[in-house]
Amino acid sequence: MTGSVTLSAPMPLSSWRGKAREAAVDRKRALERFLSGIERRAYRIAQLSLRDPDEAQDAVQDAMIRLARNYADHPEEQWRPLFYRILRNRITDGQRRHRVRQGVIAWWPGTAADDGPRDPVESAVDPAGTPDQQLEGAQLLLRIERALAEISNRQREAFMLRNFEGLDVAQTAIAMGCSEGSVKTHYFRAVQALQLVLGE
Amino acid sequence: MNERMKDFERRSRAAFDESVTAQDAATRARLVRARELALAEIQRRPRPWRSAWFPATAAAAAALMTLLLWTGGESGSGVDPAIVALEELDIVTTGEDLDMFDEDFGFYAWATGEPVEGVG
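In order, the protein sequences belong to chains F and A. If you want the working numbering, it's the position in the first sequence, counting the first as 1, plus 13. If you want the working numbering, it's the position in the second sequence, counting the first as 1, plus 5.
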């Protein structure tokens, strides 16, 4: 039996470099598409979690940069859960910093915390929301936002990632760093708790 | 999951989508800027070891290593060891050279400063 082996000519270095450059450009375009498709929803989720637009903006920007720096070479289908994993960690850091700040302010003498109780009427949250929000018809979200503050962090994460962002159970598990079973449990309890808080 | 829960999920998702659509221009502009910064990061990040140049670099390193191992087995002096061995054998077998040491013994003793009986 005779066989023949065909050896193709080696690819010239310039051609190889050209292909590598094309691949890098394609990857950058793909990442741009991914980020532009996700940024506004991610910002809204960060805003709902941190309750501060500037901190939310910083959190999203950090998550974008870290994804580009560390995971741009990963397969595209991994980007979404990885991005939300990074964002979640960043949000957790932000919440921790916020708690420390609040603790220091409460302890430090002569700060607003010692100024006596606030006027309950002045500090009360308007249940109707701002006029813009009324115009946008975001009443339900406003109520949900307040209700989200009442439930545990894990339940809130599961609800926002599954319901708002539409990640599946496996992707949510990667983003939250837990098992798929935990995701299902947290999500189910979150929906129940939110319905209870909202009187639905 | 019952219908009430499904309805709640659907409405909350719709409310969220609506709030995303309603984001103001300033927020969107800041997000675009953040995206640009992230994309610029791709060009700045250090190249991983498995970069496009890695195969060529590895091949060159392997070739260099082979060359060093090949030449490293030979004598570093550049003189053929067979020639050196013949010269040493010559010294031992030639009677003249050993006689020279006998004749000039006094000279070598003087040179090292040692007193030698019967000399001088």
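Just so you know, even glycine gets a beta-carbon here, dropped at the ideal spot from N, CA and C. This one's a predicted model, so the numbers in the text were calculated from it and none came from an experiment.
- Within chain A, S17, R18 and F21 have C-beta atoms less than 8 Å from the C-beta of F177 of chain F, given in sequence order.
- Interface residue (Cβ-Cβ distance to chain F less than 8 Å): A65 of chain A is not classified as such.
- Taken through DSSP and simplified to helix, strand or coil, Q28 of chain A comes out as coil.
- By the criterion of a C-beta distance shorter than 6 Å, E68 of chain F is surrounded in its chain by G107, once the five residues flanking it on both sides are discounted.
- A contact is defined here as three or more CB-CB pairs under 8 Å, and the segment 196-213 of chain F fails this definition with respect to the segment 31-39 of chain A.
- Considering only A:L74, A:A66 and A:R18, the residue with the shortest C-alpha distance to L154 of chain F is A:R18.
- Taking 8 Å as the CB threshold, A30 of chain A stays off the interface with chain F.
- Shown here for A171 of chain F: same chain residues with a beta carbon closer than 6 Å to its own, the five before and five after excluded, namely V196, H199, Y200 and A203 in chain order.
- Sorting F:H111, F:H87, F:A76 and F:R30 by C-alpha distance to the C-alpha of I58 of chain F places F:A76 at the top.
- Residues of chain F with a Cβ closer than 8 Å to the Cβ of E46 of chain A are, in chain order, I78, A81 and R82.
- Taking the CA atoms as reference points, A65 of chain A sits about 30 Å from P88 of chain F.
- If you ignore the 5 residues before and after R103 of chain F, its C-beta comes within less than 6 Å of the C-beta of A72, D75 and A76, all in its own chain and listed in chain order.
- Taking the Cβ atoms as the reference, L180 of chain F lies roughly 16 Å from Y84 of chain F, outside the contact range of under 8 Å.
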